Amino acid sequence: MLKPQLLITDTNIWIDLDHGDMIDQIFLLPYSICTSDFARDEIQTIDVNALEAKGLTFQPLEAEFVAELAQVLAGERSLAAADVACFILAREKEAILISGDKRLVRFSKEHKVAVHGLLWLMDEMWANKILTGKEATEKLHRVLDQNARLPLDECQKRFDAWRD
11 MLKPQLLITD
21 TNIWIDLDHG
31 DMIDQIFLLP
41 YSICTSDFAR
51 DEIQTIDVNA
61 LEAKGLTFQP
71 LEAEFVAELA
81 QVLAGERSLA
91 AADVACFILA
101 REKEAILISG
111 DKRLVRFSKE
121 HKVAVHGLLW
131 LMDEMWANKI
141 LTGKEATEKL
151 HRVLDQNARL
161 PLDECQKRFD
171 AWRD
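Quick note, the working numbering runs 10 ahead of the 1-based positions in the sequence shown.
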């Protein structure tokens with residue numbers, strides 16, 4: 011049996027998932043979901059114990075990578091420690107990084123780490139029949155209503171594609 015692909019999530023993706031009422035749905039995807047233990051303290055608006063009960067795992071960085079984290083932070087002051095920890099985990103575990111943070115997305119792409127955002131997750135939920143087109147559209151509107159900084163042209167493409 012194949013091991014499911016691993017998704018490493020940064021903090022802001024949980025905020026968007028919460029705004030769109032999609033936390034339960036992410037755990038129905040055929041992926042293992044994890045984040046850095048650095049992110050535990052950053053996730054403040056959602057009960058992290060409830061996320062763990064649903065299947066989110068918090069991964070510590072190995073000692074050798076903590077020094078790298080400090081080095082990256084010294085050169086990339088716009089990134090948070092939790093973001094860099096998620097980047098390192100995704101790179102080392104050959105996982106997909108899930109982030110909506112433009113700086114982290116840019117940094118990850120520059121360093122050849124696979125990275126996607128909320129719209130990709132929603133496409134996966136739709137493709138795996140976890141959300142209907144109507145549900146996905148409604149949930150994306152909820153996220154947008156919370157001032158999410160998503161590309162409107164890409165959102166419109168989803169609204170068109172998700173029509174049932």
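Cβ coordinates follow ideal geometry from the N, Cα and C atoms, glycine included.
Bear in mind that the values here come from a model prediction, so they are computed numbers and not experimental data.
#1: Could you say which of Glu104, Lys144, Gln166 lies nearest to Ile18 if we only look at CA atoms?
#2: Assuming Leu66 contacts Thr45 (C-beta within less than 8 Å), just tell me the rounded distance between them.
#3: Measure the alpha-carbon distance for Ala95 versus Asn59 and round it to whole angstroms.
#4: Mind checking which residues open and close the beta strand (DSSP E) that includes Ile106?
#5: Mapping the DSSP letters down to three states, classify Ser118 as helix, strand or coil.
#6: Can you grab the Cα-Cα spacing for the pair Ile106 / Asn157, in whole Å?
Result, derived from the coordinates:
#1: Glu104
#2: 7 Å
#3: 20 Å
#4: 106 to 108
#5: It is helical.
#6: 25 Å
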